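Just so we're aligned: the sequence shown equals residues 84 to 338 in this note's numbering.
Here a beta-carbon is modelled for each residue, glycine too, at the ideal position from N, C-alpha and C.
On a predicted model such as this, the values are computed, not experimentally measured, just so you know.
Comments concern the structure below.
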Amino acid sequence: MDITLIHRMILKDGLRNFKFKNSKYQDASFEEQKGSIFGYRNKKNMVSGRGLVLTSLEAIEENKTLFSHWTPNIYRYGTYTQIKPRVTQGHSENNLRQINTFYIDFDVKTQKESIKFSDILVSSLDLGFMPTLILKTEKGYQAYFVLQDAAYVTSSTGFKVVNVAKMISQNIREHFKKDNLPVDMTCNHFGIARMPRLDNVEYFDKNNIYTFAEWLSWSMQQDDFEYLKRPNLFVLSGTEGQKQIDEPWYYTKMK
84 MDITLIHRMI
94 LKDGLRNFKF
104 KNSKYQDASF
114 EEQKGSIFGY
124 RNKKNMVSGR
134 GLVLTSLEAI
144 EENKTLFSHW
154 TPNIYRYGTY
164 TQIKPRVTQG
174 HSENNLRQIN
184 TFYIDFDVKT
194 QKESIKFSDI
204 LVSSLDLGFM
214 PTLILKTEKG
224 YQAYFVLQDA
234 AYVTSSTGFK
244 VVNVAKMISQ
254 NIREHFKKDN
264 LPVDMTCNHF
274 GIARMPRLDN
284 VEYFDKNNIY
294 TFAEWLSWSM
304 QQDDFEYLKR
314 PNLFVLSGTE
324 GQKQIDEPWY
334 YTKMK
């Protein structure tokens, strides 16, 4: 299994290819500044915020066996509130640059609960969207639903993409909850997740990727998605080279 391929598939174009400083690639060409993600070596460090800001795929490759958690969605920047030890800052919704994936946490919290990764696959058949990736965790599983193309967050639309993406994510959670799977309904929709590693990937299918428009269309059919069921809302597909390339869809005539 090619973990590097999985990482690149999730992160898409969100990070630089090479480190800005101390790259092992001497002939690395100039690259424009892109986004940042955060990595943590264990859950204890994650809870205390002790981690690293990563801005390149090269840095991800160097740390792929060292991190247990990361942020699979891209932030505009990352900083530290202190250097020794390094405490990260910047993984907040108002700093999101692009959304690459939805992920669902399945946690067994009582002796009465149980789950197998095949339960997630069976429920996903009814959902109509199969997970790209299922990771084993200490208490259950984490399922990734990777987008075909990133959903870019821009100020020009008042960051509406984040709010709508959160509602899609919430509807996915609700689906699995209705199937009596132990879904964590409280975790951040676009925060810190398990990092895919050779020792935790239970299932992977690179063909299971869907567009934001497909997810949006599905979510608009759900009972809880009333926000988008408004006659003055139009959802348009983005096209390469046009202004709406900043986001895969955008809003017009919203009051």
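Item: Of the listed residues V247, K104, H272, nearest to P155 (C-alpha basis); Value: H272
Item: Contact belief for D202 with C270 at Cβ below 8 Å, rounded distance in angstroms; Value: No, D202 and C270 are not in contact; Cβ-Cβ is about 19 Å, not under 8 Å.
Item: Residue environment, F103, which counts as buried when at least 16 other CB atoms sit within 10 Å; Value: exposed
Item: One or two residues paired with H174 in a DSSP bridge; Value: Paired residues: none, contrary to the question.
Item: Test item: CB-CB of I166 and G97 under 8 Å; Value: no
Item: Continuous beta strand (DSSP E) assignments of at least 3 residues falling wholly in the stretch 223-303; Value: 223-235, 284-287
Item: Exposed unless 16 or more other CB atoms sit within 10 angstroms - verdict on E145; Value: exposed
Item: Cβ-based burial, N246 [other Cβ within 10 Å; buried from 16]; Value: exposed
Item: Per DSSP, cross-strand counterpart(s) of V136; Value: F121
Item: Member of E221, V229, K222 whose CA lies at the smallest distance from the CA of M213; Value: V229
Item: Residue(s) in a DSSP beta bridge with H152; Value: Y123, R277
Item: Cβ shell of L88 (< 6 Å), same chain only, five flanking positions each side left out; Value: none
Item: V205, buried or exposed, once every other Cβ within 10 Å from all chains shown has been counted against 16; Value: exposed
Item: Buried/exposed call for G137, threshold 16 Cβ in 10 Å; Value: Per the sequence presented here, residue 137 reads as Leu, with Gly not at that position. Classification for L137: buried.
Item: Bridge-paired residues (DSSP) for L218; Value: Q225, V284
Item: Candidates L135, N178, L149, S300, of which the one nearest T237 by Cα; Value: N178
Item: Nearest-angstrom beta carbon gap, T164 and A172 [assumed within contact, 8 Å]; Value: Correcting the residue identity first, residue 172 is Gln in this sequence and not Ala. That pair is a contact at about 5 Å.
Item: Cross-strand partners of T162 (DSSP beta bridge); Value: Q172
Item: Whole-number beta carbon distance between A233 and I275, since they are thought to touch under 8 Å; Value: Actually they do not touch by this definition, with Cβ atoms about 18 Å apart.
Item: Coil, strand or helix - D190 by DSSP; Value: strand
Item: Contacts around K95, its chain only, beta-carbon distance under 7 Å, and the 5 residues preceding and following it disregarded; Value: N183, A233
Item: G211 burial status per 10 Å Cβ neighbour count (16 or more: buried); Value: exposed
Item: From H152, T148, I93, residue whose alpha carbon lies closest to that of G122; Value: H152
Item: Where N290 falls, given that 16 or more other Cβ within 10 Å makes a residue buried; Value: exposed
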